[in-house]
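Asks: Residues 22 to 115, numbered by the working numbering, are exactly what the sequence shown covers, in order. Once you've had a glance at the structure underneath, I'll fire off some questions.
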Amino acid sequence: MGTLVLCNTHRSPALTAKMVATLDQLSGGRLDLGIGTGWRKSEQEIYGLSWQDDIPTRIAMFKVGLLLMQRLFSGERVSFDGEFYNLEGAMSQP
Numbered sequence: 022m023g024t025l026v027l028c029n030t031h032r033s034p035a036l037t038a039k040m041v042a043t044l045d046q047l048s049g050g051r052l053d054l055g056i057g058t059g060w061r062k063s064e065q066e067i068y069g070l071s072w073q074d075d076i077p078t079r080i081a082m083f084k085v086g087l088l089l090m091q092r093l094f095s096g097e098r099v100s101f102d103g104e105f106y107n108l109e110g111a112m113s114q115p
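What follows is the structure in structure tokens.
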């Protein structure tokens, strides 16, 4: 089971991690996660999401998002106060 490619900017990394953890449980650990930085401005706009034209900034957001998801997958509570994302005691249990 896989996600094809999720867009990092469509939701918080904490919400993505929680959703992915749930799908992984439902699939018996067979989930393959695909995630990217996003590339279609129009897709962001139709959902009312902000768009970052600066590619290095989108890549930085992607890297921070991945780091947060990895920390959330550890099962520990995660607090983070950063430029792009803020978490306070978040967990990704299914």
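Ideal placement from N, C-alpha and C gives every residue a C-beta, glycine not left out. Computed from a predicted structure; not experimentally measured.
If I measure Cβ to Cβ from W72 and keep anything under 7 angstroms in the same chain, skipping five residues before and after, which residues do I get?
Replies: K62, Q65, E66
Asks: Provide the residue span of the beta strand (DSSP E) that contains F101, from first to last.
Replies: 99-102
Asks: What do you get for M82, buried or exposed, if any count of 16 or more other CB atoms within 10 angstroms of its CB means buried?
Replies: buried
Asks: Helix, strand or coil for G49? Go by DSSP, reduced to three states.
Replies: G49 falls in the coil class under three-state DSSP.
Asks: Using DSSP with H/G/I as helix, E/B as strand and the rest coil, what is G86?
Replies: helix
Asks: Using three-state DSSP, classify L27 as helix, strand or coil.
Replies: strand
Asks: Report the residue from T30, T24, L25 whose alpha carbon sits nearest the alpha carbon of G86.
Replies: T30
Asks: Taking I56 and V99 to be in contact with their CB atoms under 8 angstroms, please state how far apart those CB atoms are, rounded to whole angstroms.
Replies: 17 angstroms between Cβ atoms; not a contact.
Asks: Please classify T78 as buried or exposed, where buried requires at least 16 neighbouring CB atoms within 10 angstroms.
Replies: exposed
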